[in-house]
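Accompanying notes for the structure given below.
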Amino acid sequence: MPQTHVLRLTPGEDLRATLTKAFAQLQAGQNTTAACIISAVGSLSRAVLRYADQPDGTVLEEPLELITLSGTLSADGVHLHASVATARGEMRGGHVMAGCIVRTTAEIVLAPLPGWVFTREQDAKTGFKELVAKPVGRA
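For the sequence shown, my numbering puts the final residue at 140, and the numbers step up evenly by one.
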């Protein structure tokens, strides 16, 4: 039976790359085809967030608290959104891009979703690869 997976990221790790790697390990070790983030706290020294309707990410390079992290994980990639707070309490949030670097720690709990297969397929309406979620055994 698939079990919850707990990660503690250390200073200098890339949040997105580490989660991609962790999902690959879940896929190999637990035959997981779908997972989601159920809890995350920590800090970043650098965040790269793509704001709504923007083509590129915005770099925030300062001490940041990771307030929320949510997303889905599949063999086709991760889709993550985060909110972070500056030392002044200002909030920023958006799509998590590569280059979000852990400052002191990031504690993340992943939940495998047995019975589901997540893939990402090109969507003609949005122009992006979007989530396709199917129960296992159904086409």
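The beta-carbon is built from N, C-alpha and C at its ideal position, and this holds for glycine as well.
| Asked | Found |
| --- | --- |
| Beta-carbon spacing of V49, A125 below 9 Å | no |
| E66 versus T127 - alpha carbon distance | 31 Å |
| Backbone secondary structure at Q123 - three-state DSSP | strand |
| Rounded distance between the beta-carbons of R51 and L61, thought under 8 Å | Contact flag wrong, Cβ pair sits at about 12 Å. |
| Where the beta strand (DSSP E) through A36 begins and ends | 36-51 |
| Segments assigned beta strand (DSSP E), at least 3 residues, entirely inside the segment 52-90 | 59-75, 78-86 |
| Touch test, the segment 19-36 against the segment 102-122, Cβ-Cβ under 8 Å, three pairs minimum | yes |
| Residue burial classification, G90 (beta-carbon count within 10 angstroms, cutoff 16) | exposed |
| Validate contact between the segment 18-26 and the segment 65-85 using beta carbons, cut 8 Å, 3 pairs | yes |
| Anticipated Cβ contact below 8 Å, T106 with S84, distance rounded | Going by Cβ atoms, the distance from T106 to S84 rounds to 17 Å, so no, they are not a contact pair. |
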